[in-house]
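Just so it is clear: in the sequence shown, position 285 is 285 by my numbering, and no numbers are missing.
Heads up, the beta-carbon is just placed ideally off N, CA and C, and yes, glycines get one too.
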Amino acid sequence: MLQNKKYLIAISGGPDSMALMNSYKEQIYGVCHVNYHYRDSSNRDEEIVKRYCKNNNIPFFCLSIDPKIYQNKTVKNFESWARKTRYDFFVTIANKTNIHDILIGHNLNDWLETAIMQENKKVKTFYYGIKQSNNINGLNIFRPFINKTKKELQQYCDQNNIEYGIDETNFDLTYQRNKIRNEISKWPSEKINTKINYFEKLNLQLKDTQKQVLYLNDKWVKSNYSLKLFKTFDLNTQQSLIFMLLTNNGINRVSINKINSIIDFLKAKTQNNKYRIGNNKFIFREKDNLLIR
1 MLQNKKYLIA ISGGPDSMAL MNSYKEQIYG VCHVNYHYRD SSNRDEEIVK
51 RYCKNNNIPF FCLSIDPKIY QNKTVKNFES WARKTRYDFF VTIANKTNIH
101 DILIGHNLND WLETAIMQEN KKVKTFYYGI KQSNNINGLN IFRPFINKTK
151 KELQQYCDQN NIEYGIDETN FDLTYQRNKI RNEISKWPSE KINTKINYFE
201 KLNLQLKDTQ KQVLYLNDKW VKSNYSLKLF KTFDLNTQQS LIFMLLTNNG
251 INRVSINKIN SIIDFLKAKT QNNKYRIGNN KFIFREKDNL LIR
């Protein structure tokens, strides 16, 4: 149960987010909704959320996106761009209202889909799935329904006569997440539970690994990122340290191949002392130390 205080809440209009809003409506200060106008039903979902807020006297904050912004060729990955746009909007409303605690309707299906995608892409991580709470851009994110299935949340809405919309793009199999979602929908409950248990065990192991890496990372930071010290660690530790370095600099979802490429750069005996890591940032080798700027 969440603490008895006020929250912002991110609402799409789907059954999971509408179930969340109805369950915690007494603690909601305001609703944040983004309409990307990406699909025919976008305006319908905005109206569903707006109507609920009006009926329950909840402030409604909406960001309406002009499709011309993401239809131009500079937006190469819509999902990545949409996520950044969404969280930038949340930060704006948080600063405006001085409320930095926000509820999001991620559920168990989202958790499992994300974990499978991470494993398939060989992404380096200390946690598979979606954490129940974390901090993003200064926002305290809480996901109260991360252990509930999408089916349970839809049934809750049906039983309580809560209006919601179904995003038809969830059935578009050109998206990798939707392919995984479609595959999971065909699994028997035993297979789903086995897969969930598998990732939960992995996360317990990774929790212990992270503690050790945090200790070694502290030593490395205090050495001003000494390359001599870095080379004394085994490959798994080196990979974890580089992953931590990148995430601490705002670079997420990094593949093992990318991390190994950075390690090769740090070990190489070449004249090249600069490596681009993304977000207009570079790793530099200066004598025996690593720098990022």
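* To do: Compute the Euclidean distance between the alpha carbons of lysine 274 and asparagine 217, then round it to the nearest angstrom.
  => Lysine 274 and asparagine 217: Cα-Cα distance of roughly 22 Å.
* **Cβ-based burial, leucine 112 [other Cβ within 10 Å; buried from 16]** => Buried.
* **Selected residue, minimal CA-CA separation from proline 144, among Gly138, Ile136, Leu153** => Among Gly138, Ile136, Leu153, the Cα nearest to that of proline 144 belongs to Leu153.
* Have a look at serine 64 and asparagine 35 and give me their C-alpha separation to the nearest angstrom. => Inter-residue distance for serine 64 and asparagine 35 is about 5 Å (C-alpha atoms, whole angstroms).
* Considering tyrosine 275, what are the terminal residues of the alpha helix (DSSP H) in which it resides? -> It is not in any alpha helix (DSSP H) - tyrosine 275 instead sits in the beta strand (DSSP E) that spans 274 to 278.
* Start-to-end residues for the alpha helix (DSSP H) that takes in glutamate 286 -> Glutamate 286 -> not in any alpha helix (DSSP H); beta strand (DSSP E) instead, spanning 281 to 286.
* **Spatial neighbours of leucine 291 in its chain, beta-carbon cut-off 6 Å, leaving aside the 5 residues before and after** => Excluding sequence neighbours, leucine 291 sits near Phe284.
* Buried or exposed by the 16-neighbour rule on C-beta atoms within 10 Å, applied to isoleucine 93 -> When all chains shown are included, isoleucine 93 counts as buried.
* Asked: When you compare only the Cα positions, how much space is there between leucine 8 and phenylalanine 61?
  -> So the alpha carbons of these two residues sit roughly 10 Å apart.
* Asked: What residue from Ser189, Asn248, Ala10, Trp187 has the CA that sits closest to valine 91's CA?
  -> Distances from the alpha-carbon of valine 91 to those of Ser189, Asn248, Ala10, Trp187 put Ala10 closest.
* **First and last residue of the uninterrupted beta strand (DSSP E) at phenylalanine 61** => Counting along the chain, the beta strand (DSSP E) containing phenylalanine 61 begins and ends at 60 to 64.
* Measure from the alpha carbon of aspartate 101 to the alpha carbon of each residue in Lys121, Asn248, Ser133, then state which is nearest. => Residue nearest to aspartate 101 within the set Lys121, Asn248, Ser133 is Ser133 (criterion: CA-CA distance).
* Hey, could you find the ends of the beta strand (DSSP E) valine 221 is sitting in? => Note, valine 221: premise wrong, no beta strand (DSSP E); alpha helix (DSSP H) at 189 to 222.
* **Beta-carbon proximity list for isoleucine 263, same chain, < 8 Å, skipping 5 on both sides** => The beta carbon of isoleucine 263 sits closer than 8 Å to the beta carbons of Leu235, Gln238, Gln239, Ile242 from its chain, once the five residues preceding and following it are set aside; these are given in chain order.
* Asked: When the Cα atoms are used, what is the spatial distance from threonine 209 to tyrosine 127?
  -> Cα to Cα, threonine 209 sits roughly 11 Å from tyrosine 127.
* In or out: asparagine 161 buried (at least 16 other Cβ within 10 Å) or exposed? -> By the neighbour-count criterion, in which a residue is buried when 16 or more other Cβ atoms sit within 10 angstroms of its Cβ, asparagine 161 is exposed.
* Where aspartate 101 falls: helix, strand or coil (DSSP) -> In this structure, aspartate 101 counts as strand in the three-state DSSP scheme.
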